[in-house]
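Colleague: Numbering (our numbering), first residue to last: 3 to 181.
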Amino acid sequence: MSILDSIQRQIPPIHKEGYPFIGGFALASLILFWLWSPLGWIGTILTVWCALFFRDPVRVTPVREGLVVSPADGRVSMITMALPPAELGLGDRPLPRISVFMSVFNCHVNRSPIAGRVDRIAYRPGLFINAELDKASEDNERNSLVISTPTARIGVIQIAGLVAKRIVCFVREGQAIGA
3 MSILDSIQRQ IPPIHKEGYP FIGGFALASL ILFWLWSPLG WIGTILTVWC
53 ALFFRDPVRV TPVREGLVVS PADGRVSMIT MALPPAELGL GDRPLPRISV
103 FMSVFNCHVN RSPIAGRVDR IAYRPGLFIN AELDKASEDN ERNSLVISTP
153 TARIGVIQIA GLVAKRIVCF VREGQAIGA
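1. Pull up the DSSP beta-bridge partners for residue 123, would you.
2. Going straight from the alpha carbon of residue 113 to that of residue 164, what length do you get?
3. Do you know offhand how far residue 101's Cα is from residue 29's?
4. Rounded to a whole number of angstroms, what is the C-alpha to C-alpha distance between residue 156 and residue 148?
5. Measure from the C-beta of residue 38 to each C-beta in chain B and report whether the shortest distance is under 9 angstroms.
6. Using three-state DSSP, classify residue 114 as helix, strand or coil.
7. Within a Cβ cutoff of 6 angstroms, which residues of the same chain sit near residue 126, ignoring the five residues on either side of it in sequence?
8. Can you give me the C-alpha to C-alpha distance between residue 103 and residue 132, rounded to a whole angstrom?
9. Skipping 5 residues on each side, what residues in its chain have a beta carbon closer than 6 angstroms to that of residue 64?
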């Protein structure tokens, strides 16, 4: 194994959606270097941050019957009972809700928390307020999915925030997905 191979194995791949943003930051950095080198270094730091934001590291998900894993990097910010969004069609009784908050330093590629079939996808435009605020889950742009397994149906809701203002969903209704 060469040194280059060793280095490449340590750097996580970048999700394809990130390349235009990283390219924009890199171009801005070059222009800033041309204007004044300290600004160029600030641009370079922001370019690296942008690349880290869009990293898509390989994950090894544990496989066990009934296991639900976190769909996102970040920290569990709340565990509570809550009414599911009406657009999911999961009824009108409170269900367990586990909220995961992603900071700007977390990987922003989300994964499925459970293997199953995507029964429903419901996108809703909205605001882009700080995702740590309670009203963000109601007011912000969100994308909701219902995933069915032979034994359960779960809802997964992605909520945009102040910095991450775009939700791109790569699965389709009826698609089988793995955790």
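For each residue, glycine too, the CB sits at the ideal point set by N, CA and C. All figures in this text were calculated on a predicted structure; none of them were measured in a lab.
Modeller: According to the data block:
1. Residue 123 is bridged by DSSP to 147.
2. Rounded to whole angstroms, residue 113 to residue 164 spans 21 angstroms at the Cα level.
3. Their backbone Cα atoms lie some 36 angstroms apart in a straight line.
4. Computed Cα separation, rounded: 6 angstroms.
5. Looking for chain B here will not work: only one protein chain is present.
6. Correct three-state label for residue 114: coil.
7. Once the five neighbours on either side are set aside, the close Cβ partners of residue 126 are 144.
8. Cα to Cα, the separation comes out at about 11 angstroms.
9. Closer than 6 angstroms at Cβ, skipping near neighbours: no residue.
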